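**Student:** In UniProt numbering, the protein residues as written are 1 to 340. Next up is a structure, given as structure tokens.
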Ligand SMILES: NC(=O)c1ccc[n+]([C@@H]2O[C@H](COP(=O)([O-])OP(=O)(O)OC[C@H]3O[C@@H](n4cnc5c(N)ncnc54)[C@H](OP(=O)(O)O)[C@@H]3O)[C@@H](O)[C@H]2O)c1
């Protein structure tokens with residue numbers, strides 16, 4: 001596989017996508033970001049004056065309706081598809097989460113297949129498409145480890161049920177979008193290959209345009225709640241996580257390493273997290289937090305693990321510590337809070 005020169009990144013103005021853009025630019029690659037908002041694209045470019053020649057943006061439509069992404073892929077030789085709705089603040093889960101996630105994947109793969117120049121597509125899936133919340137070994141008390149071979153058993157009907165929570169619907173959105181990608185590959189056999197990444201909760205400093213902590217993305221907003229003394233502390237649904245900088249590197253390596261083609265990886269730190277641990281890190285590092293933040297010894301689920309080692313060795317990752325991640329995000333968010 002010839003090394004790509006010009007890469008389309010969808011979701012480029014979001015939390016993970018902006019780090020992916022920066023990691024690609026740092027490797028000397030040309031990047032086109034896709035966004036619904038030209039203003040956000042301009043803000044990203046303005047914040048990177050040294051890269052104005054190698055970073056451009058294209059406007060795309062919302063994925064709530066199937067639409068063509070053929071303009072976005074013109075001239076690129078690789079795609080990293082990060083964009084997908086990630087919010088639990090919804091009124092209609094199927095319309096706002098599930099359908100756009102699937103439409104986005106189908107639209108980008110169809111466009112990539114049509115343009116003919118694309119050699120590889122990397123899709124940001126999620127550990128949500130791996131997790132089986134009712135897994136049997138759990139009931140039997142047997143330790144198990146999730147790998148890239150595991151799939152969330154949720155049915156479409158369960159995840160789209162109007163009575164279900166946005167959390168379950170989001171898990172369905174990621175599962176059915178990723179499945180649509182692998183089905184597309186099997187049915188269409190395009191000229192490119194596919195890599196999917198299934199990261200768990202992703203935290204860390206932001207590189208996309210965020211004016212104030214209230215604008216933080218869903219996952220980092222949880223850490224900021226901890227740092228601002230929310231009581232009781234939030235409880236992690238899953239004890240697995242990754243730093244956004246490690247995840248961005250995983251995307252770039254998944255794009256560049258020939259051996260990654262056709263693989264499904266779970267980039268995940270070997271360290272487990274809880275919001276109780278996050279609170280302890282915050283009080284240890286930030287004097288301003290000590291009046292309001294009360295660390296709790298929250299139980300951390302040790303009944304099962306996740307295989308982040310396969311992704312680390314295949315993609316050359318060296319996972320950051322939870323302490324570094326929390327300190328870097330909370331320190332940055334505090335500065336934004338003071339400047340607002
Ligand atoms: N953060 C995590 O903990 C985490 C963990 C595992 C996987 N993921 C996955 O990583 C990806 C990025 O997440 P993130 O945390 O970076 O979220 P984010 O900051 O909300 O970024 C998502 C981006 O996707 C685009 N997008 C969202 N809904 C869309 C829609 N309906 N139509 C078109 N574009 C849409 C938006 O771009 P514009 O507004 O510029 O159009 C947005 O910037 C998602 O696929 C998410 O499922 C996230």
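Note that CB positions come from ideal geometry on N, CA and C, so glycine has one too. These figures come from a predicted structure and were not determined experimentally.
Quick one, are the C-beta atoms of residue 267 and residue 216 less than 9 Å apart?
**Tutor:** No, Cβ-Cβ distance for residue 267 and residue 216 is not below 9 Å.
**Student:** When we look at the beta-carbon of residue 47 and count the other beta-carbons within 10 Å, is it buried (16 or more) or exposed?
**Tutor:** Burial call: exposed.
**Student:** I need the DSSP call for residue 273, collapsed to helix, strand or coil.
**Tutor:** Reduced to three states, the DSSP call for residue 273 is coil.
**Student:** Less than 8 Å separating the Cβ of residue 158 from some heavy atom of ligand 1?
**Tutor:** No, the Cβ of residue 158 stays beyond 8 Å of every heavy atom of ligand 1.
**Student:** Applying the 10 Å Cβ sphere with the 16-neighbour rule, what's the burial state of residue 141?
**Tutor:** Exposed, since its Cβ has fewer than 16 Cβ neighbours within 10 Å.
**Student:** Here's the rule I'm using: 16 or more other beta-carbon atoms within 10 Å means buried, otherwise exposed. How should residue 64 be labelled?
**Tutor:** Looking at its Cβ environment, which holds fewer than 16 other Cβ atoms inside 10 Å, residue 64 is exposed.
**Student:** Based on DSSP bridge pairs, tell me the residues matched to residue 201.
**Tutor:** Answer is 241.
**Student:** Using 8 Å for Cβ pairs, my map puts residue 73 next to residue 115. What's the rounded Cβ distance?
**Tutor:** That pair is a contact at about 5 Å.
**Student:** Within this structure, are the beta carbons of residue 83 and residue 17 separated by less than 9 Å?
**Tutor:** Going by C-beta atoms, residue 83 is nearer than 9 Å to residue 17.
**Student:** Could you spell out the range, first to last residue, of the beta strand (DSSP E) harbouring residue 81?
**Tutor:** Segment 78-81, the beta strand (DSSP E) holding residue 81.
**Student:** Hey, could you find the ends of the alpha helix (DSSP H) residue 188 is sitting in?
**Tutor:** That run of the alpha helix (DSSP H) goes 166-188.
**Student:** Suppose the cutoff is 8 Å on Cβ atoms and the five residues either side in sequence are ignored; what does the same chain contact list for residue 176 look like?
**Tutor:** Excluding residues within five positions, the ones whose Cβ falls inside 8 Å are 98, 101, 102, 156, 159.
**Student:** List in chain order: all unbroken beta strand (DSSP E) runs of 3+ residues lying wholly within the segment 111-151.
**Tutor:** Runs found: 120-124, 144-146.
**Student:** Distance check for residue 218 and residue 14, CA to CA, integer angstroms please.
**Tutor:** Computed Cα separation, rounded: 11 Å.
**Student:** Straight-line CA distance for residue 54 to residue 26?
**Tutor:** Answer to the nearest angstrom: the Cα atoms are 11 Å apart.
**Student:** In chain order, which beta strand (DSSP E) runs of at least 3 residues are fully inside the segment 31-76?
**Tutor:** The segment 31-76 contains these whole beta strand (DSSP E) runs: 55-59.
**Student:** Any heavy atom of ligand 1 inside 8 Å of the beta-carbon of residue 36?
**Tutor:** Answer for residue 36: yes, Cβ within range of ligand 1.
**Student:** What would DSSP say about residue 13, mapped onto helix, strand or coil?
**Tutor:** Reduced to three states, the DSSP call for residue 13 is coil.
**Student:** To the nearest angstrom, report how far apart residue 109 and residue 181 are at their CA atoms.
**Tutor:** Distance between the alpha carbons of residue 109 and residue 181 is about 7 Å.
**Student:** Using the three-state DSSP reduction, which class does residue 265 fall into: helix, strand or coil?
**Tutor:** In this structure, residue 265 counts as strand in the three-state DSSP scheme.
**Student:** On the criterion of 16 or more Cβ atoms from any shown chain inside 10 Å, does residue 204 qualify as buried, or is it exposed?
**Tutor:** Burial call: buried.
**Student:** Is the segment 247-256 touching the segment 280-292, taking contact as three or more C-beta pairs under 8 Å?
**Tutor:** Judged by Cβ distances under 8 Å, the segment 247-256 makes no contact with the segment 280-292, as fewer than three pairs qualify.
**Student:** Starting from residue 6, follow its DSSP beta bridges and name the residues at the other end.
**Tutor:** Bridge partners of residue 6: 30.
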